[in-house]
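Numbered according to this note's numbering, the sequence shown spans residues 161 to 287.
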Amino acid sequence: AVKADAGLPVATITFIIDGGGSVITTGQKGHLEIPFACTINRVTMLADRAGSIEVDIWKKAYATFPPADGDSITAAAPPTITTAQKSQDSTLTDWTTAITAGDILAFNVDSITGIQRVTISLKVTKT
């Protein structure tokens, strides 16, 4: 069932980073094309074990792909798990939360300790 916020459909954009049985390494881990316009409302991170990880999210239009560090949408508040197995943030301080249909998101691990697999979910409202 699709839930709605203010009459608009809610969706989840999910990206999994898997170290293949080893601790995840730093660096870019992949890209997703977002096929609809939306606004990010919350980020959730779920790890396979307790540890710490910080993942920056970069956004770029398809025409100007690939994204780089200067294209961060998370400002000084990237999704982070600190000595735990999960985290959730709906404040998104200073984030660029608007996504245009066709934008590309990149996921870049800035730091990591102990975690071998993490799921990053962005709760969005389609616009």
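Note that CB positions come from ideal geometry on N, CA and C, so glycine has one too.
Just so we're clear, the structure is a prediction, and the values are computed from it rather than from any experiment.
For residue i, which option in the options has the closest C-alpha, if you only look at C-alpha atoms?
{"i": "Pro-195", "options": "Asp-263, Thr-257 and Asp-216", "result": "Asp-263"}
{"i": "Thr-169", "options": "Cys-198, Ile-280 and Met-205", "result": "A quick correction: the sequence has Pro, not Thr, at residue 169. Ranking Cys-198, Ile-280 and Met-205 by Cα distance to Pro-169 puts Cys-198 first."}
{"i": "Ala-261", "options": "Thr-285, Ser-247, Ala-235 and Thr-185", "result": "Thr-285"}
{"i": "Arg-173", "options": "Ile-233, Gly-179, Ser-182 and Thr-204", "result": "According to the sequence provided, residue 173 is Ile. The question's Arg does not apply to it. Ranking the options by Cα distance to Ile-173, first place goes to Thr-204."}
{"i": "Ala-237", "options": "Gly-190, Phe-225, Thr-256 and Ala-228", "result": "Thr-256"}
{"i": "Lys-219", "options": "Thr-185, Ala-235 and Val-183", "result": "Ala-235"}
{"i": "Lys-189", "options": "Asp-178, Ser-281 and Val-183", "result": "Asp-178"}
With DSSP as the reference, identify every bridge partner of residue i, one or two as the case may be.
{"i": "Leu-252", "result": "Note: Leu-252 sits in no beta bridge, so no partner."}
{"i": "Thr-240", "result": "Glu-214"}
Between which two residues does the beta strand (DSSP E) carrying residue i extend?
{"i": "Ile-270", "result": "A small fix is needed here, since residue 270 is Asp in this sequence, not Ile. Per DSSP, Asp-270 belongs to the beta strand (DSSP E) from 264 to 273."}
Curious, which full-length alpha helix (DSSP H) runs of at least 4 residues does the stretch 174 to 216 contain? none
Whether or not the stretch 237 to 249 and the stretch 220 to 229 are in contact is what I'm after, with contact meaning three or more pairs of Cβ atoms, one per stretch, closer than 8 Å; do they touch? no
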